[in-house]
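First comes the structure, then the notes that go with it.
Residue numbers (UniProt numbering), protein chains in the order written: chain A, 1 to 470; chain B, 1 to 470.
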């Protein structure tokens, strides 16, 4: 049976300031309403005979994965948490072990969560070809037919044909220089290495055992000691951490003699930068892509995104990327957007937060947005999802005032439990044990005014938490 | 005696989004901490023998003028309110009438509130020369020595010398084309018309009577029926409105045979655009002027301003103006900034607010900042100045929750009056008659959460107001 496996890796620095470590690219709605992860889920679910998808993600993103999966209404084939990042080969290994234990004939379609595919019919056709090869024991990668001499991708050289639409892989080649890339393009026998794969779970494990036995052993031990936590599967941290860190390309694909490639033209983009998002987006007659509240005069070939409640106006500019978020705005020349990484590095070096979190932070129970702050106070807008329960908690350094502005919240404050309706407020004194809950089927919005001598997120004592947080 | 008269006109569209109709250029801190108006006040007060300054401003800006005047610690020579805009000649006329009634020998130094002057010693020396000429009956204008063939200014051609440092005006010339401007620059006998003047109040009125009798009559009637309102002098609206609208140049200076010019080089700028602000600002080695939280990589010859609590990052850009405010950001090529007016026109045409007000709105009692809003709620941060009293008021469509986060407020709610300290809150039900007051010597900050079906500023019934607002 066919099992989609979605790899939700990626640190999220290349699309800063929209992507943050806490909310990387795959969870963003970049084109259309659904996130790239949700589009990938939807695309995978539409494959013939597809079983519920397995997602491999970092622990930090587990609630976002759960919520986005729920948002597209798909059954959960397993959310496997990587306790530490060990690159793609071990991540795929735990998914393969998870699947092989349930379905010895499992065929995996491994898809990165953050790719864009315009021509889904071509994509599906290529997968169907690949499944045939996988069932014959091949490890199939997809080679994107190049339409430009890109130097940002690895390439795959085709070898002997395997049936009508596949080839043996002759060799994988590293990111080439421009002259080499031009030569590959002229040659015609080369494709871009897309990072998408189809193979049987067992075959992948066999090859991993052969070529990366330490990785195989670590992944096996990590899965044997895995624990279920709510909807998530936590593989053992120490075992997984003991694995070498390597990509599937280096660890397996370049070593096995069973590597095949299926060439495909499907309007693929890995959206590796703001300029590639611009290139992949529908644009107006002046070559612009505008999102949000934008007024532009004599503006060309630019990507302009305004954030909520904010206006962006442009005059006489050309070839710019302008990305506005509630706490940070980027203005970059489109051919220099790779240097966004340097901005993120500076933020890291300065011990700042703008590369880690958005002003609005997602939590398993909903979100909070820090709408205002001063020396001894902070104002947050909290949104509680239907059924959400915040932890039973207390603070040492701050009191809180809550005003419900939408819906009905259940409040616990020391030994009292009561409902707070729209336009009602309450006060949580410093040191009081308190909890917020949404027992209704509608979201609750409330304004929290914090007052105190220290207002950091770390002044919290969690006495009880339904989401398993400490 | 020497009386500075500060003209605070200007609609504030050319430095949008920092300038708004409610807060035009002269009230902004563009270079340094003080506003241009405050710098003008300070410069005027430093003139030898200067009396307390007279300010002429629009009614809309009266509280801002009062507060900024107080902020530099200067005595008030009179704040004259223009009930409608009638250009500079009538504005100067009411100032001249105001002064002549108190000091028949009054010499006026008329200074626009929004100019920048770098070399104050040269400015003062020119004023001293001009005073001598004014006492001899001349109407003196200042001619800025041109250092470039500017086409954005009117020019003054010098005639016969008047003593050591002045000249009769030969003629005023309109903004020239580039060839003519280049010719003027080569000729050397031309200066830019700065809009600064020195003359005796009585002489100005005599010339106005001679050359613009309708204007003289209107200004005289407006002053005869003037009323004092707190610190302000309200000239009669109907009388003032009946005046022709004209500049002092057209109405008087071009017609009188007593026009003199004192040439001066004093690092003058009227900061008529973002590019002229950039040119007038100190810049770093890459030609950049950064204000606020800015991170830039390979950025040249650009003006970048980040607003409070926000970061602006730039990569690889050149010759841009980037101005970020809490609700709107402008990105313009520096040589296209005159088109900011077109943005403002679009905002007007769309019935929007971003050209009228900042998110933070100044009131006579302090300010409010709309930090968050949703369908049935709004969150504001209010700051009450020491001694401030808001109007006694009620609302038909909204209730309010107040949380004091700094200082102590006195609250009136129907028949109760009580103090609210830091970390205390209260509720103002819909329809309740209420008032906020700051009886202390420290500012009060409070968070107001409004909840209701309509949240516009016009849902207010003022029952009593110490600031004379209706």
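Where a beta carbon is used, it is the ideal one built from N, C-alpha and C, also for glycine. Just so we're clear, the structure is a prediction, and the values are computed from it rather than from any experiment.
- For residue 406 of chain B, the nearest CB of chain A lies under 8 Å from its own CB, placing it at the interface with that chain.
- DSSP lists no beta-bridge partner residue for residue 276 of chain B.
- Of the candidates A:328, A:306, A:297, A:305, the residue whose Cα lies closest to the Cα of residue 318 of chain A is A:297.
- Residue 428 of chain A sits buried, since 16 or more C-beta atoms from the chains shown fall within 10 Å of its C-beta.
- Here the alpha carbons of residue 251 of chain A and residue 36 of chain A stand approximately 27 Å from one another.
- One finds 399, 451 in chain B with Cβ atoms closer than 7 Å to the Cβ of residue 423 of chain A, taken in chain order.
- Close to residue 362 of chain A, with beta-carbon spacing below 8 Å, lies no residue of chain B; the smallest spacing is near 18 Å.
- Taking C-alpha positions only, residue 422 of chain A is separated from residue 442 of chain A by approximately 12 Å.
- Note on geometry: alpha-carbon atoms of residue 28 of chain A and residue 114 of chain A lie some 9 Å from one another.
- A straight line joining the alpha-carbon of residue 402 of chain B with that of residue 372 of chain B spans about 15 Å.
- When DSSP states are grouped into helix, strand and coil, residue 237 of chain B belongs to the helix group.
- For the pair residue 97 of chain A and residue 152 of chain A, the Cα-to-Cα distance works out to about 32 Å.
- Residue 10 of chain B has its alpha-carbon roughly 22 Å from the corresponding atom of residue 367 of chain B.
- Within the segment 150-178 of chain A, the beta strand (DSSP E) runs of at least 3 residues that lie entirely inside it are, in chain order, 155-162, 166-173.
- Shown here for residue 338 of chain B: same chain residues with a beta carbon closer than 7 Å to its own, the five before and five after excluded, namely 273 in chain order.
- Note that the C-beta distance between residue 203 of chain B and residue 139 of chain B is below 8 Å.
- Along the segment 420-445 of chain A, going in chain order, the ones with a CB nearer than 7 Å to a CB of chain B are 422, 423, 425, 427, 445.
- The beta carbon of residue 223 of chain B sits closer than 6 Å to those of 94, 97, 235, all from its chain and outside the five residues before and after it, given in chain order.
- Note on residue 468 of chain B: under 16 other CB atoms within 10 angstroms of its CB, so exposed under the neighbour-count rule.
- Taking 8 Å as the threshold, the shortest C-beta distance from residue 62 of chain A to chain B does not fall below it.
- It is roughly 7 Å from the alpha-carbon of residue 383 of chain B to the alpha-carbon of residue 446 of chain B.
- At a Cβ-Cβ threshold of 8 Å, residue 200 of chain A and residue 126 of chain A do not count as neighbours.
- Close to residue 339 of chain A, with beta-carbon spacing below 9 Å, are these residues of chain B in chain order: 297, 298, 315, 316.
- Residue-level contact by beta carbon fails for residue 414 of chain A and chain B, as no gap is shorter than 8 Å.
- Secondary structure of residue 457 of chain B (DSSP, three-state): coil.
- Beyond the five residues adjoining it in sequence on each side, residue 452 of chain B comes within less than 7 Å, by CB distance, of 376, 397, 398, 399, 430 in the same chain, given in chain order.
- Sixteen is the threshold: since fewer than 16 other Cβ atoms of the shown chains lie within 10 Å of the Cβ of residue 460 of chain B, the residue is exposed.
- Taking CB atoms only, residue 333 of chain A has a neighbour in chain B less than 8 Å away.
- The distance from the Cβ of residue 49 of chain B to that of residue 108 of chain B is about 13 Å, inconsistent with a contact at the 8 Å cut-off.
- Within chain B, 297 have C-beta atoms less than 7 Å from the C-beta of residue 342 of chain A, given in sequence order.
- Residue contact check for residue 208 of chain B against chain A: no CB pair falls below 8 Å.
- Only those residues of the segment 343-354 of chain A whose C-beta falls short of 7 Å from the nearest C-beta of chain B are listed: 343, 346, 354.
- In the DSSP assignment, residue 190 of chain A forms a beta bridge with A:157.
- Spatial neighbours of residue 58 of chain A in its own chain (CB-CB distance under 8 Å, excluding positions within 5 residues in sequence) are listed in chain order as 8, 9, 81, 82, 85.
- Contact check for residue 324 of chain A against residue 307 of chain A passes: the beta carbons are separated by less than 8 Å.
- For the pair residue 145 of chain A and residue 265 of chain A, the CB atoms are nearer than the 8 Å cut-off.
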